[in-house]
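So the protein lines, in turn, are chains G and H.
When the letters of the first sequence are read in order and numbered with our numbering, they come out as residues 1 to 191.
When the letters of the second sequence are read in order and numbered with our numbering, they come out as residues 192 to 382.
The beta-carbon is built from N, C-alpha and C at its ideal position, and this holds for glycine as well.
There are 2 protein chains.
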Amino acid sequence: MTSERRRGEVLVRAIHEAALAELVEVGLGQVSMEGVARRAATAKTVLYRRWASTHELLLDALAQAHPVEVPAPGADDLRADLIGALTLLTDWMRTPAAAAVSAILAERDRHPELVEALYRRVFDPRGATFTTTVLRHYADSGRVDPRRLTFVTTQIGEALVFKLSIDLGRVPDASEVAAIVDEAILPALGL
Amino acid sequence: MTSERRRGEVLVRAIHEAALAELVEVGLGQVSMEGVARRAATAKTVLYRRWASTHELLLDALAQAHPVEVPAPGADDLRADLIGALTLLTDWMRTPAAAAVSAILAERDRHPELVEALYRRVFDPRGATFTTTVLRHYADSGRVDPRRLTFVTTQIGEALVFKLSIDLGRVPDASEVAAIVDEAILPALGL
DNA sequence: CTTGCAAGCTACGGTGCCGTATCTTAACGC
DNA sequence: GCGTTAAGATACGGCACCGTAGCTTGCAAG
Numbered sequence: 001m002t003s004e005r006r007r008g009e010v011l012v013r014a015i016h017e018a019a020l021a022e023l024v025e026v027g028l029g030q031v032s033m034e035g036v037a038r039r040a041a042t043a044k045t046v047l048y049r050r051w052a053s054t055h056e057l058l059l060d061a062l063a064q065a066h067p068v069e070v071p072a073p074g075a076d077d078l079r080a081d082l083i084g085a086l087t088l089l090t091d092w093m094r095t096p097a098a099a100a101v102s103a104i105l106a107e108r109d110r111h112p113e114l115v116e117a118l119y120r121r122v123f124d125p126r127g128a129t130f131t132t133t134v135l136r137h138y139a140d141s142g143r144v145d146p147r148r149l150t151f152v153t154t155q156i157g158e159a160l161v162f163k164l165s166i167d168l169g170r171v172p173d174a175s176e177v178a179a180i181v182d183e184a185i186l187p188a189l190g191l
Numbered sequence: 192m193t194s195e196r197r198r199g200e201v202l203v204r205a206i207h208e209a210a211l212a213e214l215v216e217v218g219l220g221q222v223s224m225e226g227v228a229r230r231a232a233t234a235k236t237v238l239y240r241r242w243a244s245t246h247e248l249l250l251d252a253l254a255q256a257h258p259v260e261v262p263a264p265g266a267d268d269l270r271a272d273l274i275g276a277l278t279l280l281t282d283w284m285r286t287p288a289a290a291a292v293s294a295i296l297a298e299r300d301r302h303p304e305l306v307e308a309l310y311r312r313v314f315d316p317r318g319a320t321f322t323t324t325v326l327r328h329y330a331d332s333g334r335v336d337p338r339r340l341t342f343v344t345t346q347i348g349e350a351l352v353f354k355l356s357i358d359l360g361r362v363p364d365a366s367e368v369a370a371i372v373d374e375a376i377l378p379a380l381g382l
């Protein structure tokens, strides 16, 4: 019987992983210390020594989960940069962390404190949304009419990516992202 | 001690109402027969006599919940008809039934059978989506280029309504709906 | 008024999670 | 190697819900 008892950081990482997997699998309302401990093959005691509640454990796990990239506009090809920004979004949506985040956002109404903490500790440290960053850049350099940058037009890309994800049951692929840019965003910018 | 013991349809309606309220308040994963019985001020026995599980009870309750209206295009004012269609959507989104539906759709991944049954028993009986109905109508009468009616463009309105609902934390009002039509849908149609 | 049915009430054993306590034993620092 | 620390295992009383059973009682049809 090889024991291989885990300690410290290795153990914590395994618990974080188990917590996110549990979150995705059973939903926020059903995450339990017992469940996470079982999945991580450790004892409840170990969890309670570090975290006071499942929420704190989950926030900790999410904060460690790998971050979202930020788009870097190339300044000479709006269409390509928009596609690039939305592709960063769809790439991220395929990661395990995204599934965990959406499992929490789904319960927004029931657990506002958790959602708020999620933004404060995980999202806010980064900048604004994906296409917004690109559009601001092009508006600043005079290639896009700044009056076209409204609350609505800056949201079209993300809105359609989410809507298509729901309708299709999967994250949009490259050609679908291109269609969003060509058929919705660029026309809304007057191009 | 006035008794006023409810029977038959009156009782069933009260239970349906309690079930949806419970769903919205505690989330799909936490709906229990005991909870619904408590809220409806009746006995568990009464529930088990009629429904074998919380899912069947919820589906039943949703099927009874008041239906979604279908847009009737006026045929002479595209902008007004689009705004009308999206207003039907936002009106519905303010009803209790909508909150219940979204509580179920939020758990899509965890309970696909329930979501499927929801579509089969509640949504499919009605036609297509809101703006799609309007856009088809205008494309048929030659006032909109049919080539512009793609999977993406027909979803812009609904996509933005949902995205704004999430970002704002409330259902978009009349001026926001108008902005969606003017700044996103009409440009995408080439108008 | 009688009678049949269903609503309402109470109680049951079973299960899963809670949060804590106790004890062991493996891993690590020195 | 030796002692300290923390992981791991087990057990606890408490609680909420499960699904079922047995019984009382209001309601309504005849």
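Between H:F321 and chain G, is there a C-beta pair that is closer than 9 Å? no
Would you please verify whether the beta carbon of H:A375 is less than 9 Å from any beta carbon of chain G? yes
Suppose only complete runs of 4+ residues qualify. What are the alpha helix (DSSP H) ranges in the stretch 93 to 136 of chain G, listed by chain order? 96 to 105, 112 to 118
Let me confirm a value: G:G142 is counted as buried when at least 16 other C-beta atoms fall within 10 Å, else exposed. Which label applies? exposed
Here's a check: name, in chain order, each residue in its chain whose Cβ is nearer than 6 Å to the Cβ of H:A370, leaving out the five neighbours to either side. none
Applying the criterion that 16 or more other CB atoms from any shown protein chain within 10 Å of the CB defines a buried residue, is H:E367 buried or exposed? Under this definition H:E367 is a buried residue.
Out of H:R361, H:L351, H:A210, which has the shortest C-alpha to C-alpha gap to H:I274? H:L351
Compute the Euclidean distance between the alpha carbons of H:A231 and H:V335, then round it to the nearest angstrom. When the Cα atoms are used, H:A231 and H:V335 turn out to be separated by approximately 51 Å.
N-terminal and C-terminal residue of the alpha helix (DSSP H) that H:S356 is part of: 347 to 359
Give me the Cβ distance between G:L135 and G:T150, rounded to the nearest whole Å; I'm assuming they're in contact under 8 Å. Not confirmed; about 10 Å, so no contact.
Within 9 Å, strictly: CB atoms of H:L253 and H:L211: yes
By the criterion of Cβ-Cβ separation under 7 Å, what are the contact partners of H:G220 in chain G? G27, G29, Q30
Going by beta carbon distance, what residues of the same chain come within less than 8 Å of H:D373, once the five residues before and after it are set aside? R270
Short check: CB of G:T131 to CB of G:I156, under 9 Å? G:I156 sits close to G:T131, with the two beta carbons spaced by under 9 Å.
Could you name the residues of the same chain whose beta carbon sits closer than 7 Å to that of G:T129, not counting the 5 residues immediately before and after it, in chain order? E158
Alpha carbons only, please: which of G:L164, G:Q64, G:L28 is nearest the one belonging to G:I15? Restricting attention to G:L164, G:Q64, G:L28, the CA atom closest to the CA of G:I15 is found in G:Q64.
Could you tell me how far apart the beta carbons of G:E69 and G:L88 are, in whole angstroms, since I believe they sit closer than 8 Å? 5 Å
Answer with yes or no whether the minimum CB distance from H:T277 to chain G is below 9 Å. The residue asked about is misnamed: residue 277 of chain H is Leu in this sequence, not Thr. False, the Cβ-Cβ gap to chain G never drops below 9 Å.
Roughly how many angstroms lie between the CA atoms of G:L118 and G:V46, to the nearest whole one? Between G:L118 and G:V46, the C-alpha separation is close to 24 Å.
Can you name, in chain order, every residue of its own chain whose Cβ lies under 6 Å from the Cβ of G:R94, other than the five neighbours on each side? V171
With 9 Å set as the bound, which would you pick, yes or no: does the beta-carbon of H:D268 sit closer than that to a beta-carbon of chain G? no
Since G:E158 meets chain H, which of its residues come closer than 7 Å, beta carbon to beta carbon? K354
When the distance is taken between beta carbons, is H:V227 closer than 9 Å to H:L248? yes
By the DSSP assignment, the alpha helix (DSSP H) with H:A383 in it spans what residues? With chain H running from 192 to 382 in the structure shown, residue 383 of chain H is simply not present.
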